[in-house]
Amino acid sequence: MTVFSRPRAAARVQSPMTRARWTPAAAMVLLAAAGTASAQAPTPVAAQAPACVSAQPAQIAGLFDRWNASLATGSPERVAANYAPDAVLLPTVTNEPRTTPAEIRDYFVKFLKNQPQGTIDKRVIKIGCNVAQDVGTYTFRFGDGQTVKARYTYVYEWKDGQWLIAHHHSSAMPEAKSS
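Taking our numbering, the leading residue of the sequence shown gets 3, the next gets one more, and so forth.
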């Protein structure tokens, strides 16, 4: 911020040019002060911001169980209903990001043919204001007996009275575990 000072005592006689420079400077200081005062007042939008929904780790862990149970139904619509309308899915078994409800549903049309069921191996849950993260590793067992170990991230958002998946990233483990 620029600080303006008065001219020295020896230069008290102001020419019209000096006065012209001083007036806009004073106006800028007053405008800045007025802007600061109005920035502190609550806006109608801020006053209507939703309150933070409190959640416990067990509740957030249960969201994976809800998602996993929807896999067991075999219904891509039931699985896709867990995702927010603007969700992003970076799935385990394809390279293509899914960024619309139709694309997410389409992924599960194919994925559910394998009869997947997930089991959490290790997780970390973090909870914020209307957002929660569930990050860790899981194992998928498929109908044919094959398994895939993967890393995952679920970011949940509280929307329209429920927790929905805003971001889901799943990737197969890059390194084979040696025994």
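For glycine and all other residues, C-beta sits at the position ideal for the given N, C-alpha and C.
- Separation of I167 from Q135, as counted between CA atoms: Their Cα atoms are separated by approximately 10 Å.
- Message: So for N53, helix, strand or coil by DSSP?
- Response: It is Ala, not Asn, that sits at residue 53 in the sequence shown. Three-state result, A53: coil.
- Query: Using 8 Å as the Cβ pair cut-off and three pairs as the minimum, do the region 154-171 and the region 125-134 touch?
  - Reply: yes
- Query: What residues match up with F142 in a beta bridge as DSSP calls it?
  - Reply: G120 and V150
- Identity of the residue in H169, P176 and I129 nearest K151 by Cα: P176
- Looking at the structure shown, is A174 part of a helix, part of a strand, or coil, going by DSSP? strand
- Item | DSSP-derived helix/strand/coil call for Q58 | coil
- Just how far apart, CA to CA, sit V90 and V81? 14 Å
- What number of angstroms, rounded off, separates the C-alpha of F66 from the C-alpha of R143? 15 Å
- Since I62 contacts I127 with CB under 8 Å, what's their CB separation in whole angstroms? 5 Å
- Look up D162 in the DSSP assignment and say whether it is helix, strand or coil. Coil at D162, not helix or strand.
- Item | For P87, the three-state DSSP class (helix, strand or coil) | strand
- Could you check how far apart the C-beta atoms of P103 and P118 are, in whole angstroms? I think they sit under 8 Å. Rounded, the Cβ-Cβ distance is 20 Å, inconsistent with contact.
- Return the CA-CA distance between T94 and Y85, expressed in angstroms with no decimal places. 16 Å
- Query: For the alpha helix (DSSP H) that contains E105, what are its first and last residues?
  - Reply: Its alpha helix (DSSP H) spans residues P103 to F113.
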